[in-house]
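So the sequence lines, in the order shown, correspond to chains F and A.
Letter by letter, the first sequence follows residues 1 to 332 of the UniProt record's numbering.
Letter by letter, the second sequence follows residues 1 to 332 of the UniProt record's numbering.
One structure below.
Number of protein chains: 2
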Amino acid sequence: MTAVRVGLDVGGTKIEALGLGEDDTILARTRIPTGWGDEAVIAAVHDAIEALAAAGGFAVADVVSIGIGIPGLVDAPGGRVLHAVNLGVDELDLASAVRARIPVPVAIENDVKAAAVGAGSLRGDAHSMAYLNLGTGVAAGVVIGGMLWRGARGTAGEVGHISIDPRGRVCGCGQHGCIETFCGGGAVMKAWGRGGELPLRDVFDLAEKGDPLAVELREGIAFGAAAAVRSLVLSADVETVVLGGGVTALGDRLLDDLRDRLRRDAAESPFLASLRVEERIELLPAGSPAASLGAALVGAALLHGENPHTDHVNIEADTAGADIEPEGAVHG
Amino acid sequence: MTAVRVGLDVGGTKIEALGLGEDDTILARTRIPTGWGDEAVIAAVHDAIEALAAAGGFAVADVVSIGIGIPGLVDAPGGRVLHAVNLGVDELDLASAVRARIPVPVAIENDVKAAAVGAGSLRGDAHSMAYLNLGTGVAAGVVIGGMLWRGARGTAGEVGHISIDPRGRVCGCGQHGCIETFCGGGAVMKAWGRGGELPLRDVFDLAEKGDPLAVELREGIAFGAAAAVRSLVLSADVETVVLGGGVTALGDRLLDDLRDRLRRDAAESPFLASLRVEERIELLPAGSPAASLGAALVGAALLHGENPHTDHVNIEADTAGADIEPEGAVHG
Chain F
1 MTAVRVGLDV
11 GGTKIEALGL
21 GEDDTILART
31 RIPTGWGDEA
41 VIAAVHDAIE
51 ALAAAGGFAV
61 ADVVSIGIGI
71 PGLVDAPGGR
81 VLHAVNLGVD
91 ELDLASAVRA
101 RIPVPVAIEN
111 DVKAAAVGAG
121 SLRGDAHSMA
131 YLNLGTGVAA
141 GVVIGGMLWR
151 GARGTAGEVG
161 HISIDPRGRV
171 CGCGQHGCIE
181 TFCGGGAVMK
191 AWGRGGELPL
201 RDVFDLAEKG
211 DPLAVELREG
221 IAFGAAAAVR
231 SLVLSADVET
241 VVLGGGVTAL
251 GDRLLDDLRD
261 RLRRDAAESP
271 FLASLRVEER
281 IELLPAGSPA
291 ASLGAALVGA
301 ALLHGENPHT
311 DHVNIEADTA
321 GADIEPEGAV
331 HG
Chain A
1 MTAVRVGLDV
11 GGTKIEALGL
21 GEDDTILART
31 RIPTGWGDEA
41 VIAAVHDAIE
51 ALAAAGGFAV
61 ADVVSIGIGI
71 PGLVDAPGGR
81 VLHAVNLGVD
91 ELDLASAVRA
101 RIPVPVAIEN
111 DVKAAAVGAG
121 SLRGDAHSMA
131 YLNLGTGVAA
141 GVVIGGMLWR
151 GARGTAGEVG
161 HISIDPRGRV
171 CGCGQHGCIE
181 TFCGGGAVMK
191 AWGRGGELPL
201 RDVFDLAEKG
211 DPLAVELREG
221 IAFGAAAAVR
231 SLVLSADVET
241 VVLGGGVTAL
251 GDRLLDDLRD
261 RLRRDAAESP
271 FLASLRVEER
281 IELLPAGSPA
291 ASLGAALVGA
301 ALLHGENPHT
311 DHVNIEADTA
321 GADIEPEGAV
331 HG
């Protein structure tokens, strides 16, 4: 019998699950479809844990803690989901519902904050970093001294809704020209409006062919991402910003655009140049288990008697060099 | 004999000095003109300490620590001023120069960061706050858990140089539309360009009479200040933002404009409304000794063996309710 810490990254379409063994090796990763609405989400969480146990060759009874990352507003101390529009969940005591069938400590955390913990752990250096998620929306998680920084009211790292252009497009939040309207996948796809299987890739491809809207949107992605990184550096002053999320599936094409933008802006501003922002960014590798690993670490923090009611959750960056399966090995 | 902790706020035109007694009462405050250039600044610092001792009825030999807030770039661990354009100082080992005549621990800190420490101390609650200085330039100091938050490279709180309008005026830093170009006293006075004894007051007065440039600049001040406050809330998520600096001499007129702006923006954005930003701002009272008191506390931290080389300087908020002289009692 082994003690397994489970982490789940619950997305709008799939749940990624990960089991962390006693020696901080990743025992297994699985992926199953997400449900819609309270009951379906609860059922999918249990299904994911059972599938994970089967894949990892352990029993559900071996699970000692569960951490769940959720896209939306959560009450982390209370273990409740408050508003997760992509899951059809409005208010749900998810921790209690999971504990009713698996009686172990269960932590609920915002998915980006959980991913920040995982990204810091994977880097092996979480002294001062942010994980900037360029997904459907844009948000960051801040990790300082190895600990998740929540802030006074849990909005630390919400740089996606800093407005950077008063004449910009209206954001889903109601403001104009939020960072998210430039580099959030949802806003870019809406502005693009042409559909297609990989619309963001189309934007990058057609920008190279001179399509005016594609050029504007592609430049906007770098403009917004640069502003997001700089906002994190100029306010929280994190040493490193790790970028992840769906938009970063564009990989080096996105990173090159972003670095180019940061360099051009720095060339006009000695102050910006002194910040050396372009040296402080890195991309989360494709297929990284940061989100589910981070969720597992958030759940495991409950085992150590750490108090998730405080601003800080003590999650040690102790899984650096953990045995990560390559993306291809993730079960579909 | 008493043990006096001295704090100096060195400005472009004057030095404010404060002596803190053993029971955390303010023994005396004085104000003398600043010098220009290395030697004159060093001499003025000594003159200020001698004037303070005379005013407070103590001997310079009673001074046990000195903290100096400097407007510009400082190497706090090294006790050096790196770049203080308003003082004509480019690189100066000020701590050593002061210690050569008064052999006690001497700390050098950026003036806004020092003021943040002082403002937190005066509030009696420095759990999670920022001090936002709307002076010639715009910058903030962040205090978390009673400790000054410097960040990884000392740029935490530098929100003045977040660009919020790509078509905005060119900032002294080289970027366009920085927050500082909207609500920094220097940028506003330059854009106003009409001189006068109190140009910012003129801007507010003439805006009420419908002067188009005055209206634009006055609205810009609230626009920029609102963006600065929101950037601090959306990145570091501090519970409270205390505003100070020369621009806040406009008092309630500024605060009313800012609250109005925050309320109007919140009316368009449920997300912003949920942050309740307008309830989280307050004004540093006129004549507040926050800057010199903060400098004294930064200097005193050296006495307790606290290591200013770390990201955090432990400065306890232990002078709440200290016996502050009213502004009228400050010596000219």
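For every residue, glycine included, the Cβ atom is placed at its ideal position computed from N, Cα and C.
From the options, residue whose alpha carbon lies closest to that of residue i
i: F:Arg218; options: F:Gly195, F:Val188, F:Ala236 and F:Val117; result: F:Val188
i: F:His176; options: F:Ala126, F:Gly137, F:Lys190 and F:His161; result: F:His161
i: F:Thr30; options: F:Ala43, F:Ile15 and F:Asp24; result: F:Ile15
i: A:Ala28; options: A:Val241, A:Ala53 and A:Asn86; result: A:Ala53
i: A:Arg150; options: A:Glu50, A:Leu94 and A:Val74; result: A:Val74
i: A:Gly69; options: A:Pro33, A:Ala100, A:Gly57 and A:Val106; result: A:Val106
i: F:Gly21; options: F:Arg5, F:Asn110, F:Trp192 and F:Val10; result: F:Arg5
i: F:Gly35; options: F:Thr25, F:Ala17, F:Leu87 and F:Gly72; result: F:Leu87
i: A:Thr159; options: A:Ala225, A:Ala48 and A:Ala300; result: The question names Thr, yet the displayed sequence has Val at residue 159 of chain A. When each option's Cα is compared against that of A:Val159, the closest is A:Ala225.
i: F:Val10; options: F:Asp24, F:Ala48, F:Thr25 and F:Thr2; result: F:Ala48
i: F:Gly244; options: F:Leu250, F:Arg261, F:Leu284 and F:Glu279; result: F:Leu284
i: F:Phe271; options: A:Leu8, A:Ile102 and A:Ser163; result: A:Ser163
i: A:Ala222; options: A:Gly210, A:Glu180, A:Lys190 and A:Gly56; result: A:Glu180
i: A:Leu302; options: A:Thr25, A:Gly78 and A:Ala55; result: A:Gly78
i: F:Gly145; options: F:Val238, F:Leu200 and F:Leu122; result: F:Val238
i: F:Asp252; options: F:Gly135, F:Arg201, F:Val98 and F:Gly7; result: F:Arg201
i: F:Leu262; options: F:Leu250, F:Arg280 and F:Arg101; result: F:Arg280
i: A:Asp93; options: A:Val41, A:Gly120 and A:Gly118; result: A:Val41
i: F:Ala214; options: F:Lys190, F:Ala227 and F:Ser235; result: F:Lys190
i: A:Val247; options: A:Gly195, A:Gly186 and A:Asp38; result: A:Gly186
i: A:Ile108; options: A:Ala236, A:Gly72, A:Ala95 and A:Ala126; result: A:Ala95
i: F:Leu148; options: F:Ala126, F:Asp165, F:Gly135 and F:Glu282; result: F:Ala126
i: A:Gly37; options: A:Ala51, A:Gly57, A:Ala3 and A:Glu91; result: A:Glu91
i: A:Gly56; options: A:Leu18, A:Ala119, A:Pro212 and A:Val45; result: A:Leu18
i: F:Arg194; options: F:Phe182, F:Asp211, F:Glu50 and F:Arg99; result: F:Asp211
Enclosing alpha helix (DSSP H) for residue i [first to last residue]
i: F:Leu250; result: Careful: F:Leu250 lies outside any alpha helix (DSSP H) and carries neither H nor E.
i: F:Ala130; result: F:Ala130 -> not in any alpha helix (DSSP H); beta strand (DSSP E) instead, spanning Ser128 to Leu134.
i: residue 362 of chain F; result: Only positions 1 to 332 of chain F appear in this structure, which leaves residue 362 of chain F out of reach.
i: A:Glu39; result: Asp38 to Gly56
i: A:Lys14; result: Counting along the chain, A:Lys14 falls outside any alpha helix (DSSP H), though it belongs to the beta strand (DSSP E) covering Lys14 to Leu20.
i: F:Val138; result: Taken as a continuous stretch (DSSP letters only), F:Val138 belongs to no alpha helix (DSSP H), being part of the beta strand (DSSP E) at Val138 to Ile144.
i: A:Glu180; result: Ile179 to Cys183
i: residue 354 of chain F; result: Absent from the structure is residue 354 of chain F, since the part of chain F shown begins at 1 and ends at 332.
Residues that residue i bridges to, as DSSP identifies them
i: A:Asn110; result: A:Ile70
i: F:Gly7; result: F:Leu18 and F:Gly67
i: F:Arg80; result: F:Asp75
i: F:Ile281; result: F:Val241
i: F:His176; result: F:Val170
i: A:Ala28; result: A:Gly19
i: F:Leu92; result: F:Val81
i: F:Pro33; result: F:Lys14
Start and end residues, beta strand (DSSP E) containing residue i
i: A:Ile164; result: Note, A:Ile164: premise wrong, no beta strand (DSSP E); not H, not E.
i: A:Pro270; result: No beta strand (DSSP E) holds A:Pro270; the alpha helix (DSSP H) holding it covers Pro270 to Leu275.
i: F:Leu200; result: Element bounds for F:Leu200: not the beta strand (DSSP E) but the alpha helix (DSSP H), Pro199 to Glu208.
i: A:Leu243; result: Thr240 to Gly244
i: F:Leu148; result: Met147 to Trp149
Quiz item: Can at least three beta-carbon pairs, one atom from the stretch 190 to 208 of chain A and one from the stretch 222 to 240 of chain A, be found at a separation below 8 angstroms?
Solution: The answer is no - the stretch 222 to 240 of chain A does not touch the stretch 190 to 208 of chain A, with fewer than three Cβ pairs under 8 angstroms.
Self-check item: contact_flag[the stretch 72 to 91 of chain A, the stretch 267 to 279 of chain A] where n(CB pairs < 8 angstroms) is 3 or more
Solution: Flag = no, the stretch 72 to 91 of chain A and the stretch 267 to 279 of chain A do not touch.
Quiz item: So, do the stretch 51 to 64 of chain F and the stretch 110 to 124 of chain F have three or more beta carbon pairs nearer to each other than 8 angstroms?
Solution: Contact between the stretch 51 to 64 of chain F and the stretch 110 to 124 of chain F is absent, because fewer than three Cβ pairs lie under 8 angstroms.
Practice problem: Could you tell me whether the stretch 120 to 138 of chain F touches the stretch 284 to 292 of chain F, using the rule of 3 or more Cβ pairs below 8 angstroms? | Solution: Under the three-pair Cβ rule at 8 angstroms, the stretch 120 to 138 of chain F counts as touching the stretch 284 to 292 of chain F.
Quiz item: Is it true that the stretch 253 to 269 of chain A meets the stretch 152 to 166 of chain A, where meeting means three or more beta-carbon pairs spaced less than 8 angstroms apart?
Solution: In this structure the stretch 253 to 269 of chain A does not touch the stretch 152 to 166 of chain A; the number of beta carbon pairs closer than 8 angstroms is below three.
Quiz item: Taking three-plus beta-carbon pairs below 8 angstroms as touching, is the stretch 135 to 144 of chain F in contact with the stretch 253 to 262 of chain A?
Solution: Put simply, the stretch 135 to 144 of chain F does not touch the stretch 253 to 262 of chain A. Fewer than three CB pairs are less than 8 angstroms apart.
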